[in-house]
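Some notes on the structure that comes next.
Residue numbers (the numbering used here): 21 to 440.
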C-alpha cells in the first residue's frame, strides 16, 4: 500500500505522518455514518460522490474537469493518458470525511489501498478557496500516479502538486504559475536564513523520509524549485525540466537523471535559484492575477453574449449581469458567486473597456503600467469554446509593479499560505 503525502490543514499535526505510512481507519462509502446517502455524479474524468448541494456539486464537476485537463496539458511531454475515471468523495461534514479513511488534521487526501484508490476531501459548511487548493494538490497526486509507470521524486511530486494547488479556476480554464506575496516572503526568509535543505539532499529524499516528518518548509521548497524550473529566466529551464521528468518517469534514478540534464554542480544551481527568488519584487504575480481576472470575466461575457445580452460599458456588465440559475445546461452554467466575486475585484483595479466590432465583444483591462489584458472568446453551436487572454506589455514588467491592491478572481485578494 502506498499513500501520497497529505496537504496540510490547520496546525501542522505530527499525527498526519501515521496516515502517510498507511494507517487508515476506513474506506469511502455512499452511505455516511449518519445514514444519509451520497449522490453520485458521472463527470468527464471523475465519478463524484458527494452530499453537497446541487450547485456545489455542479461547481465541483466543472472545476475538476478543467483541473484534469490542465494536468493533462501541462504534463503531456512526460505523462501518459489516463483512460479511466477517478473516484472522488467530497464530504460536507468532517466526521464523515474521517470515517471514510482520512487522517486527523487533514482536509484532503489521496489514498491507495489494496488495489483501490480514491480522492477524498471535506468542504465544511461551504467550499472555499482553501478547499480547492487541497483538492487540486491531492488531485495531482492521483493523476500522476495513474499516468506514469514509475514514481517521480517526492520533491517533484509535492512541488508540482503545490504548483497546481496555487492555480486559479476561471470558469473555462485555469491560470497557474502564481506567487502569493506571503509565500514569496516565506521563500526569501528561508533563503536568507539558510533553512532550505541542500538541493542534493532534497533530491534524494524518499517518500518515507518525507512522510515521517512532514514539514511546511519542505513543501515550500519543493514548490519554489518547481516554480523556478517552470518560469525562471523566461522559461529557460522548462525543456531541461521536462527532460528530467521524462527520464525519471521511465525509471532513471533521480540523481542520475538530474546530473545528465543539469550537470553535477547542484551548488551552482542553488545559487541561480536563490538569485531568482531574491530579485523578485513584492507582487510578482500581479500580471497573472489580472490575467485570471480578465479570463473569468470573459467567460461570463461569453455566456451573456449567447443569452443575447448587451451592455453599454464594462461597469454596466460588472454591476448588472445576472448569471443564469441551475436551469441552464452544464455547458453554460457557472456559479453566480464566481461572477460576483470577480466583478467586485474588477471594479477596484485597472481601466476597463468593452470593445465591439464585427466579431464577439472583447473585454480589455489596462493596468497602471500601461499593459493591456485582452479577453476573447469563441462560440460554436451555442456553446462557449476557447476563452483566452492576450497580454500586451508596456513599460515595466509585472515583477517591477509596485504592489497596489493584489487582485484575483474567486474573492481571494491574496492567498493565505498553508498553516505552519
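Cβ coordinates follow ideal geometry from the N, Cα and C atoms, glycine included.
Quiz item: Are at least three pairs of beta-carbons, each pair with one atom in the segment 350 to 357 and one in the segment 284 to 294, less than 8 Å apart?
Solution: no
Quiz prompt | Rounded distance between the beta-carbons of residue 185 and residue 153, thought under 8 Å | solution = Taking the first residue of the chain shown as position 1, residue 153 is located at position 133. Taking the first residue of the chain shown as position 1, residue 185 is located at position 165. Indeed they touch by this definition, with Cβ atoms about 5 Å apart.
Quiz item: Excluding the five sequence neighbours on either side, which residues of its own chain have a C-beta within less than 8 Å of the C-beta of residue 344, listed in chain order?
Solution: Stepping through the chain shown from its first residue, residue 344 is reached at position 324. Excluding sequence neighbours, residue 344 sits near 323, 327, 352 and 353.
Quiz item: With DSSP run on the structure shown, which of helix, strand or coil describes residue 408?
Solution: Counting from one through the chain shown, the residue named residue 408 turns up at place 388. In this structure, residue 408 counts as strand in the three-state DSSP scheme.
Exercise. Tell me whether the beta-carbon of residue 178 lies closer than 9 Å to the beta-carbon of residue 242.
Key: What you label residue 178 is simply residue 158 of the chain shown in a count that begins at 1. What you label residue 242 is simply residue 222 of the chain shown in a count that begins at 1. Yes, they are a contact pair.
Exercise. Could you tell me whether the Cβ atoms of residue 169 and residue 269 are closer together than 9 Å?
Key: Counting from 1 along the chain shown, the entry for residue 169 is found at position 149. Counting from 1 along the chain shown, the entry for residue 269 is found at position 249. Yes, these two residues count as a Cβ contact at 9 Å.
Quiz prompt | Burial state of residue 71 (16 or more Cβ within 10 Å) | solution = Looking up residue 71 in the chain shown gives position 51. With 16 or more Cβ atoms within 10 Å of its Cβ, residue 71 is classed as buried.
Quiz item: CB residue 164 to CB residue 139, shorter than 9 Å?
Solution: On the chain shown, residue 164 is found 144 positions in, with the first residue counted as 1. On the chain shown, residue 139 is found 119 positions in, with the first residue counted as 1. In this structure, residue 139 does not lie closer than 9 Å to residue 164 by Cβ.
Quiz item: In terms of residues, what are the limits of the alpha helix (DSSP H) holding residue 251?
Solution: Within the chain shown, residue 251 is the residue found at index 231, counting from 1. Residues 236 to 255.
Quiz prompt | Which of helix, strand or coil DSSP assigns to residue 109 | solution = Here residue 109 is taken as the residue at index 89 of the chain shown, counted from 1. Strand, per DSSP.
Exercise. State yes or no: is the C-beta of residue 396 within less than 9 Å of the C-beta of residue 404?
Key: The residue given as residue 396 occupies position 376 in the chain shown. The residue given as residue 404 occupies position 384 in the chain shown. Taking 9 Å as the Cβ cut-off, residue 396 and residue 404 do not qualify as a contacting pair.
Quiz item: Counting along the chain, where does the beta strand (DSSP E) carrying residue 136 start and finish?
Solution: Here residue 136 refers to the residue found at position 116 when the chain shown is read from its first residue. Per DSSP, residue 136 belongs to the beta strand (DSSP E) from 136 to 142.
Quiz item: For residue 126, which of helix, strand or coil comes out of DSSP?
Solution: One-based indexing of the chain shown puts residue 126 at position 106. Residue state, collapsed to three classes: strand.
Quiz item: For residue 197 versus residue 308, is the C-beta distance shorter than 9 Å?
Solution: Residue mapping note: residue 197 aligns to position 177 of the chain shown, counting from 1. Residue mapping note: residue 308 aligns to position 288 of the chain shown, counting from 1. Yes; because the gap between Cβ atoms is below 9 Å, this pair is in contact.
Self-check item: Residues of its chain near residue 52, where Cβ-Cβ distance is below 6 Å and the 5 sequence neighbours each way are ignored
Solution: Stepping through the chain shown from its first residue, residue 52 is reached at position 32. Same-chain partners within the cutoff: 116.
Quiz item: Is residue 195 helix, strand or coil by DSSP?
Solution: As a working note, residue 195 is residue 175 in the chain shown. Three-state DSSP puts residue 195 in a strand.
Quiz item: Leaving out five residues before and five after residue 245 in sequence, what residues of the same chain have Cβ atoms less than 6 Å from its Cβ?
Solution: As a working mapping, residue 245 is identified with position 225 in the chain shown. These residues qualify, in order along the chain: 179.
Quiz item: Using the C-alpha atoms, what's the distance from residue 161 back to residue 263?
Solution: Sequence index remark: in the chain shown, residue 263 carries index 243 (1-based). Sequence index remark: in the chain shown, residue 161 carries index 141 (1-based). For residue 263 and residue 161, the distance between alpha carbons rounds to 20 Å.
Quiz item: With a CB to CB cut of under 6 Å and the five nearest residues on each side skipped, what residues in its chain are close to residue 261?
Solution: As a first step, residue 261 must be located in the chain shown, where it is residue number 241. Only 249 meet the Cβ criterion.
Self-check item: Three-state secondary structure (DSSP) of residue 369
Solution: In the chain shown, counting from the first residue as 1, residue 369 sits at position 349. Residue state, collapsed to three classes: coil.
Quiz item: When burial is assigned at 16 or more other CB atoms within 10 Å of the CB, is residue 134 buried or exposed?
Solution: In the chain shown, the residue the question calls residue 134 occupies position 114. Exposed: under 16 other Cβ atoms inside 10 Å.
Quiz prompt | 7 Å Cβ shell around residue 193 - same chain, five flanking residues per side excluded | solution = For the purposes of this step, residue 193 is taken as the residue at position 173 of the chain shown. Hits under 7 Å: 86, 315 and 407.
Quiz item: Where does residue 85 sit, in a helix, a strand or coil, going by DSSP?
Solution: Within the chain shown, residue 85 is the residue found at index 65, counting from 1. Helix at residue 85.
Quiz prompt | Closest residue to residue 182 among 393, 367, 91 and 50 (Cα-Cα distance) | solution = Taking the chain shown and counting its residues from 1, the one referred to as residue 182 is at position 162. Closest by alpha carbon: 91.
Self-check item: Local conformation of residue 395 per DSSP, three classes
Solution: If you number the chain shown from 1, residue 395 lands on position 375. Here residue 395 sits in strand by DSSP.
Quiz prompt | Segments of 3+ residues assigned as beta strand (DSSP E) that fall wholly inside the segment 258 to 288 | solution = none
Practice problem: Going by DSSP, name the residue or residues bridged to residue 309. | Solution: Reading the chain shown from its first residue, position 289 is the one you call residue 309. In DSSP, residue 309 forms no bridge with anything.
Quiz item: Which residue's Cα is closest to the Cα of residue 329: 380, 50, 56 and 372?
Solution: Residue numbering aside, residue 329 sits at position 309 when the chain shown is read from its first letter. It is 380.
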